[in-house]
Structures are given as structure tokens and as C-alpha cells.
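Visitor: Residue numbers (the working numbering), protein chains in the order written: chain A, 1 to 141; chain B, 1001 to 1141; chain C, 2001 to 2141.
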Amino acid sequence: MDRRNFAAALLVATSALVLPAYAQQASTRGRVVMQVSDNDPAKWNLALNNAKNVQTDLGAANVDIEIVAYGPGIGMLKADSVVGNRVDEAGKAGVKIVACENTMRGQKLTQADMLSGIGYVPAGVVTLMQRQQQGWAYIRP
Amino acid sequence: MDRRNFAAALLVATSALVLPAYAQQASTRGRVVMQVSDNDPAKWNLALNNAKNVQTDLGAANVDIEIVAYGPGIGMLKADSVVGNRVDEAGKAGVKIVACENTMRGQKLTQADMLSGIGYVPAGVVTLMQRQQQGWAYIRP
Amino acid sequence: MDRRNFAAALLVATSALVLPAYAQQASTRGRVVMQVSDNDPAKWNLALNNAKNVQTDLGAANVDIEIVAYGPGIGMLKADSVVGNRVDEAGKAGVKIVACENTMRGQKLTQADMLSGIGYVPAGVVTLMQRQQQGWAYIRP
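1. So which of 2077/C, 2030/C, 2111/C has the shortest CA-CA distance to residue 2041/C?
2. At 7 Å on the CB atoms, spell out the chain C contacts of residue 140/A, in chain order.
3. So who's on the other strand from residue 2035/C, going by DSSP bridges?
4. Using only the alpha-carbon positions, how far apart do residue 80/A and residue 70/A sit?
5. So, at 8 Å on beta carbons, what are the nonlocal neighbours of residue 2115/C in its own chain, with the 5 sequence-adjacent residues on each side left out?
6. Give the secondary structure of residue 1073/B by DSSP, where H, G and I count as helix, E and B as strand, and everything else as coil.
7. Identify, in the order they occur along the chain, each residue of the same chain with its Cβ nearer than 7 Å to the Cβ of residue 38/A, setting aside the five sequence neighbours on each side.
8. Find the nearest neighbour of residue 1136/B within the set 1058/B, 1046/B, 1065/B, judged by alpha-carbon distance.
9. Which two residues bound the contiguous beta strand (DSSP E) that contains residue 2119/C?
10. Are residue 2096/C and residue 2119/C closer than 8 Å when you measure CB to CB?
11. Contact check, residue 34/A vs residue 51/A under 8 Å by CB: the rounded distance?
12. Got a sec? Which residues, its chain only, sit under 7 Å from residue 47/A by beta carbon, not counting five neighbours each side?
13. Pull up the CB-CB distance for residue 126/A and residue 1054/B, whole angstroms please, since I reckon it's below 8 Å.
14. Using a cut-off of 8 Å between C-beta atoms, extract the partners of residue 54/A located in chain C.
15. Going along chain C in order, which residues have a C-beta closer than 7 Å to the C-beta of residue 32/A?
16. Return the residue from the list 2098/C, 2045/C, 2130/C that minimises the CA-CA distance to residue 30/A.
17. Under a three-way DSSP split, which group does residue 1108/B fall into?
18. Quick check: is the beta carbon of residue 2061/C nearer than 8 Å to any beta carbon in chain B?
19. Looking at the structure shown, is residue 1091/B part of a helix, part of a strand, or coil, going by DSSP?
20. Below 8 Å CB to CB, which residues in the same chain sit around residue 147/A once its five sequence neighbours on both sides are set aside?
21. Using a C-beta cutoff of 8 Å, does residue 46/A count as contacting chain C?
22. Select from the region 2101-2117 of chain C all residues with a C-beta closer than 9 Å to any C-beta belonging to chain B, and list them in chain order.
23. Looking at the structure shown, is residue 991/B part of a helix, part of a strand, or coil, going by DSSP?
24. Counting only Cβ pairs nearer than 7 Å, list the residues of chain A close to residue 1050/B.
25. If you measure from the beta carbon of residue 1108/B to each beta carbon in chain E, is any gap under 8 Å?
26. CA-CA distance, residue 43/A and residue 1044/B?
27. Looking at the secondary structure, which residues open and close the alpha helix (DSSP H) in which residue 2054/C lies?
28. Residues of chain A with CB closer than 9 Å to the CB of residue 2071/C, please, in chain order.
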């Protein structure tokens, strides 16, 4: 092929290279999963403060935040939680908040015992793990 | 070159592109490193519970789990550990469990003072760091 | 094109492929961000020990370490901190140590209240999050 055809071939090859690079760039949207595994309302408040600060700093529309409560941290999401109001507010502000069904089973809790408006995952620790492998940052307040 | 040759060249270039993409996909196999750095048997049990839940949920054959005990958490792996039996079971179930030799040196511990069947790393914190940079998720129970 | 030109074209395409791979390799330089969010001098010392061990094991020149103090951990970096001397030493050894301005505002602290030689970030939790999304490992001692 002549020089022009050669250049054209390279351009095509290069655009194929650039595409995945662009996709990777796009995936650096702010995404953070937060772990709540302590039976400690101070930690629950810290997690909610952290979520709020991330939204304030980056803009709520620009970031995905997921709070996962499991093990000794499950009390954060029980109907009688001392931070129930704040969990509700965070949910309305776009923070996804989920309880671990493994933990709930172990503590004989059903969805009727939990705050309304939250979500559920089969195993909190697996969610924390998979989010990271999908490129999410991890914060343990 | 003619159209057919051009297509062949692109195919080769494309397969070269696809290969690394496939390798990357393959590397999203479940891999998680867990940190134990508290002198707190409740945390030791939580780490072991977490490992078990990950294996149950994803299938033990589909996930690599490594527990790294260091600093104030080293007691989890001493011969007189209150969770010795569970550490043994986890090891037999395919969880890799390692003690930090830096910490052991600081506490004048030798391998004779530790549970049998565990592994050793020169610096626990470096292992935790490198695993993450190799694509492993990080959990601090 | 003839065989030689075809080979040349592939070589160029391949080098374009290898370049990003090399860049990715280069980005696996040791990089770790450490979170200090407990009001607990034992944790402050543990973070400083961890940083030192990473530098000793990998060579201070081969690794970037950043310690982020925020929330209840901000006391680590106040002028009257019990680990003030060690913070100073770590900074001189090349560890970057930063305080969260969100937390400082909440506690009515100004830079005059803090150790000299430290750095500042607008929101500690956002720094912890962004570093991870840039490929840094995360350690919460």
C-alpha cells in the first residue's frame, strides 16, 4: 500500500487503541463504597458525615456512594437506630445504603425490623469486595 | 495491499488488542486481602467469618483470600490464640493466612511461637499494599 | 504491500500497543495512602510505624506514602500532638502528611494550631477516595 493507505491503516488501529483508553478514563467517575462494621454510633455518624462531605466536595451528581452495614454494624440500619433520621436523609440525597442479609439471618432480623428505604445485599463483605474490583474506592470510617 | 490483506492486517492488530482485554477480564477473579491489626479476638472472629462468607457466596474455588495479621493483631496467629482452631479450619478450606515477620521480630516471636500451618511475609503492610496494586480488594474487618 | 512492509506496519502497531502496557507497568510504583481517623495515639503510632516499614522494605525512593488525618484523627497533627516529633521525622523522610480542612473548620482549628511542615487537603475523605481511583493502595491502620 502507499503512504496514504498506510497512514489510514494506522489511524484505524490507533482509534481502536484509543477507545478502551477513553472508556477507562470515563470509569474514573467518583465511586466509593463505605464499610460500617462496628457497633458504634460514632462510626455510623462518621460514615454519614463522610458521605455528605464527598457529595458536597464533588457534587452529588458526580459521585456514586454506597454504604454497606454488616456484622456488628448492622444496628445502624435497624428500625430503632439512633441515626435513623440521618440514614433517611442520606438515602434521599442519593446515597445508596444497604444491609447484609447474611448478618440479618444470623441475628434473626427480617426486613420488618429494619429502616424503610434501605436496600439489601446477600453478603456485605462480597459487595465491598466486588465494588473495589469494579474500580470503586473503599473507605472504612 | 489489497482489501483482503488490509483486513488481515487489521484482524491481527485487533487480536493483539483483544488479548490484553481478555487478560484483564480474567484478572477480575475474586481476590481479597484482609487486614487483622487489632488485638481484639472479636475482630479475629469477624475476619474469619468474612472469609467464610466470601467462600460460601462465591464458591471457595472461585476466590483467593489472604488474611494478613500484623502489629497488635499478631496474637491471632500465636500458638496460644483463642481462635487457633478456626485459623486451622480456614487454612484447610483454602484461605491463606500469613504473619508479619517485622512484627514478630519486634515482639521477639519465632515460628516456634506461632500456629502451625500458617505462612509468613517479611512486612505485612507491604503485602497489603502490593496485593491491592495487583488488583485485589482490601477488607479491614 | 510486501512482506517487509507488512511486518513494519505490524511492528508500529505493536509498539503502540506495548506503550500503554509499559505505562501501566510504570504506574505500579509503590503508592499507598493511609487513613488516620481515630482519636487514638496508638493508631497514630501504628500509622507512622507502617509508613516506616514500607520505606524500609521497598526503599524510600521507590514508594509514595501519604497519611491523611481527618475526623476524630485530626489530633495527630495538632501542635500539641503526642506524636509531633515522629510526624516531623516522617515528613523529613519523605512521607506526605496532610490534615483535612473540613475537619479543621468543624473544630475551629486554623493552620496556626497545627504542626508545621504538614500539608492540607480540602476534604480528607475525598483525597482517600481519589488516591485509590488513581491506583494507590489504601491502608487503615
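Where a beta carbon is used, it is the ideal one built from N, C-alpha and C, also for glycine.
Guide: Considering the structure as presented:
1. 2077/C
2. 2140
3. 2068/C
4. 16 Å
5. 2077, 2078, 2079, 2081, 2084, 2087, 2088
6. helix
7. 72, 73
8. 1065/B
9. 2119-2121
10. yes
11. 7 Å
12. 34, 36, 67, 141
13. 6 Å
14. 2123, 2125, 2126, 2129
15. 2129
16. 2130/C
17. coil
18. no
19. helix
20. The requested residue 147/A is not part of the displayed model; chain A covers only 1 to 141.
21. yes
22. none
23. Missing from the structure shown is residue 991/B; chain B here goes from 1001 to 1141 and no further.
24. 125
25. Absence of chain E from the displayed structure is noted, the protein chains being A, B and C.
26. 19 Å
27. 2041-2058
28. 46, 49, 50, 141
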